[in-house]
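Visitor: Handing you a structure now.
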Amino acid sequence: MSTRAVLTGVGVIAPTGIGTAPYWRSALTGRSGLRLLARPDASRSPIAVAGEVTGFEPATWIANKLRVQTDRWSWFAMAAAEMALSDAAFNPADHPNFQLSVVTASGSGGNEFGQKEEQGLWAEHPSRVTAYQSIAWFYAASTGQISIKHGLTGGCGVVSADGAGGLDALKQAWRLLGRGSKAVLVGGTEAPLSPFALTCQSTLHTVYRGQDPDRAYLPFSPHAAGFVPGEGGALMVLEERAHAATRGARIYAELLGHAATHDAHHHTAPAPDGVQLARAITTALASAGREPDDVDVVFADGAGHPDGDAAEAAALHRVFGPRLADLPVTVPKSAVGRLTSGGGALDTASAALALRSGVIPPTAGADETASLERYGIRLVTRRLRPARLRTALVVARGTGGFNSAVVLGAFV
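Shown next as structure tokens:
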């Protein structure tokens with residue numbers, strides 16, 4: 064696309080930190096936020112370990128009247144949006160509202176709110192179901208609430224592509240900039256730790272079923288036993304470059320390219336050959352005007368299950384060939400869990416922070432030697448400051464065959 068787009072603000076809600084700075088400090092140390100579920104209703108959960116956000120006070124961010132109308136997933140999105148706008152020093156009231164947009168991604172929606180309403184319906188009486196059920200669970204609820212609160216009346220939308228959604232939302236935001244928007248709040252959050260949501264995820268053979276947080280979610284490891292679900296995500300301010308320059312905005316990174324494909328293989332398992340994932344990566348690089356040799360770091364999807372890890376490794380070998388053995392690859396989400404659509408957004412925020420700081424965060428719990436021997440991938444196991452860090456590739460996949468790739472560049 065001819066429109067140049069830059070990231071000027073980041074807001075993060077994660078199991079390892081509320082706010083961009085706390086999250087980034089934790090990410091650079093590799094501190095894990097995975098733990099045994101502490102929810103009051105966790106005792107009967109089919110999944111014991113998760114990346115649970117703690118210390119989040121909804122009243123700090125959401126008015127009481129609005130809290131009773133919305134789900135935890137939307138609370139995260141609204142709080143992260145506030146953080147991103149503040150970080151970008153961007154006041155929507157100072158700009159024409161029809162030039163401001165919102166695009167979020169969601170793969171789970173307001174599942175906890177919906178579960179409570181359904182319990183009221185069946186255990187008590189239909190009158191116990193509130194009118195807010197019709198809007199609180201809906202995938203576009205976060206986009207709508209952010210748009211209303213900040214008066215963002217340009218193009219608004221929601222993308223649903225499971226784990227790939229957070230990256231696909233960036234492309235939609237980029238399109239909106241090309242159609243006249245000057246800034247877009249973009250990203251994704253999830254809160255899929257309600258009993259209903261965990262029960263749904265427990266039907267997947269790729270989920271971790273143990274009770275040891277230290278052994279859970281080990282991407283590209285010979286001991287990988289499945290992914291760990293998590294909650295949270297990130298919202299970012301994506302601006303048209305000239306608009307950002309005019310107002311003297313600080314720029315984290317430039318969005319250079321994106322591509323998405325689909326495996327069309329199986330409703331839960333990824334294609335083992337990684338062909339379509341590789342095509343997403345090469346197409347994203349081509350759209351960015353970059354070659355595989357230009358990539359300085361890969362923020363991998365990191366399934367944490369042998370099948371998914373092997374498929375992603377196959378794709379990366381197709382793209383990078385022998386160079387992959389020396390290319391830094393990291394999976395910072397191993398410290399927070401797989402956040403569904405929030406994961407791609409958080410990885411993009413992490414890549415932008417890495418490009419701006421010149422430091423790559425590690426993969427929590429990784430074994431560099433084991434990943435290299437088994438998959439030919441050299442995982443970053445401690446914070447790394449490479450001699451060159453100008454181009455980052457972010458990869459995300461979603462259950463059902465979704466593949467997405469984003470290329471970010473250091474802003475110069």
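Using my numbering, you'd call the opening residue of the sequence shown number 64 and step up by one each time.
The beta-carbon is built from N, C-alpha and C at its ideal position, and this holds for glycine as well.
(1) Which ranges would you report for the alpha helix (DSSP H) in the region 434-464 if only whole runs of at least 4 residues count?
(2) So, is Asp56 buried or exposed, given that buried needs 16 or more other C-beta atoms within 10 angstroms?
(3) With Leu418 and Ala376 assumed to form a contact (beta carbons below 8 Å), what rounded beta-carbon distance in angstroms separates them?
(4) By Cβ distance, which residues of its chain are closer than 6 Å to Ser434, with the 5 residues on each side in sequence left out?
(5) What is the residue span of the beta strand (DSSP E) that Leu298 lies within?
(6) Going by C-alpha distance, which of Thr324, Arg448, Tyr86 is nearest Val469?
(7) Give the DSSP bridge partners of Leu471, in chain order.
(8) Ignore the nearest five residues each way along the sequence and tell me which others in Ile423's own chain have a CB closer than 8 Å to its CB.
(9) Which same chain residues end up closer than 8 Å to Arg386 when comparing Cβ atoms and leaving out the 5 residues on each side of it in sequence?
(10) What are the boundary residues of the alpha helix (DSSP H) that includes Ala105?
(11) Per the DSSP calculation, Pro292 is bridged to which residue(s)?
(12) When you compare the region 313-324 with the region 253-269, are there three or more beta-carbon pairs, one atom per stretch, that lie closer than 8 Å?
(13) Going by DSSP, what residues sit across from Gly251 in a beta bridge?
(14) Within its chain, find whatever has a CB closer than 6 Å to the CB of Lys245; leave out the 5 residues flanking it on each side and keep chain order.
(15) Between Gly218 and Pro425, is the Cβ-Cβ spacing less than 7 Å?
(16) Checking the sheet assignment: what are the DSSP bridge partners for Ala323?
(17) Rounded to whole angstroms, what is the Cα-Cα separation between Val131 and Thr252?
(18) Spatial neighbours of Val457 within its chain, please: CB distance less than 6 Å, with the 5 preceding and 5 following residues excluded, ordered by chain position.
(19) So, for Leu240: in the same chain, excluding its five sequence neighbours on each side, which residues have a beta-carbon less than 6 Å away from its beta-carbon?
(20) Between Glu317 and Leu471, what straight-line distance do the alpha-carbon atoms span, to the nearest angstrom?
(21) Taking the alpha helix (DSSP H) that Ile76 falls in, what are its first and last residues?
(22) Using three-state DSSP, classify Thr432 as helix, strand or coil.
(23) Please check the pair Thr331 and Gly172, which I expect to be a contact at CB under 8 Å, by giving their CB distance rounded to whole angstroms.
(24) Please confirm whether Val221 and Ala203 have their CB atoms less than 7 Å apart.
(25) Measure from the alpha carbon of Asp370 to the alpha carbon of each residue in Leu230, Ala334, Val338, then state which is nearest.
Guide: Well, looking at it:
(1) Listed in chain order, the alpha helix (DSSP H) runs fully inside the region 434-464 amount to none, counting runs of at least 4 residues.
(2) Nothing can be reported for residue 56: it is not among the residues displayed for the chain, which extend from 64 to 475.
(3) Numbered from 1 along the sequence shown, position 355 holds the residue referred to as residue 418. Numbered from 1 along the sequence shown, position 313 holds the residue referred to as residue 376. Actually they do not touch by this definition, with Cβ atoms about 24 Å apart.
(4) Working through the sequence shown from its first residue, we reach residue 434 at position 371. Within the same chain, Phe283, Ile440, Leu442 come within 6 Å of Ser434 by CB-CB distance, once the 5 residues on both sides are set aside.
(5) For the purposes of this step, residue 298 is taken as residue 235 along the sequence shown, with counting starting at 1. It spans 295-303 - the beta strand (DSSP E) in which Leu298 sits, taken as one unbroken run.
(6) Residue numbering aside, residue 469 sits at position 406 when the sequence shown is read from its first letter. Comparing Cα positions, the closest option is Thr324.
(7) Numbered from its first residue, the sequence shown carries residue 471 at position 408. DSSP output for Leu471 lists Leu318, Ala455 as bridge partner(s).
(8) Working through the sequence shown from its first residue, we reach residue 423 at position 360. Val360, Pro391, Thr393, Ala417, Val443, Arg446, Leu447, Arg448, Pro449, Leu452, listed in sequence order.
(9) As a working note, residue 386 is residue 323 in the sequence shown. The answer, listed in chain order, is Pro355, Asp356.
(10) Indexing the sequence shown from 1 puts residue 105 at position 42. Element bounds for Ala105: n/a, residue is neither H nor E.
(11) Along the sequence shown, read from residue 1 onward, the residue named residue 292 stands at position 229. Answer is Arg401.
(12) Verdict: no, contact absent.
(13) Counting from one through the sequence shown, the residue named residue 251 turns up at place 188. Its beta-bridge partners are Ala168, Ala297.
(14) The residue given as residue 245 occupies position 182 in the sequence shown. The answer, listed in chain order, is Gln162, Glu303, His306.
(15) In the sequence shown, counting from the first residue as 1, residue 218 sits at position 155. In the sequence shown, counting from the first residue as 1, residue 425 sits at position 362. No, the Cβ-Cβ distance between Gly218 and Pro425 is not below 7 Å.
(16) In the sequence shown, residue 323 corresponds to position 260, counting from 1. Within the DSSP secondary-structure output, Ala323 pairs in a beta bridge with Ser467.
(17) Here residue 131 refers to the residue found at position 68 of the sequence shown. Here residue 252 refers to the residue found at position 189 of the sequence shown. For Val131 and Thr252, the distance between alpha carbons rounds to 19 Å.
(18) Within the sequence shown, numbered from 1, the residue matching residue 457 stands at position 394. In its chain, beyond the 5 residues on either side, Phe362, Asp410, Thr411, Ala414, Val469 have a beta carbon closer than 6 Å to the beta carbon of Val457.
(19) Stepping through the sequence shown from its first residue, residue 240 is reached at position 177. Non-local C-beta neighbours of Leu240 in its own chain, meaning closer than 6 Å and more than five positions away in sequence, comprise Thr66, Ala68, Glu303, ordered along the chain.
(20) Against the sequence shown, residue 317 aligns to sequence position 254. Against the sequence shown, residue 471 aligns to sequence position 408. Their Cα atoms are separated by approximately 6 Å.
(21) Within the sequence shown, residue 76 is the residue found at index 13, counting from 1. No alpha helix (DSSP H) holds Ile76; the beta strand (DSSP E) holding it covers 68-77.
(22) Mapped onto the sequence shown, residue 432 falls at position 369. In the three-state reduction of the DSSP assignment, Thr432 falls in the helix class.
(23) Numbered from 1 along the sequence shown, position 268 holds the residue referred to as residue 331. Numbered from 1 along the sequence shown, position 109 holds the residue referred to as residue 172. Cβ atoms of Thr331 and Gly172 stay farther apart than 8 Å, at about 19 Å.
(24) What you label residue 221 is simply residue 158 of the sequence shown in a count that begins at 1. What you label residue 203 is simply residue 140 of the sequence shown in a count that begins at 1. Yes, they are a contact pair.
(25) In the sequence shown, counting from the first residue as 1, residue 370 sits at position 307. The shortest C-alpha separation from Asp370 is found at Ala334.
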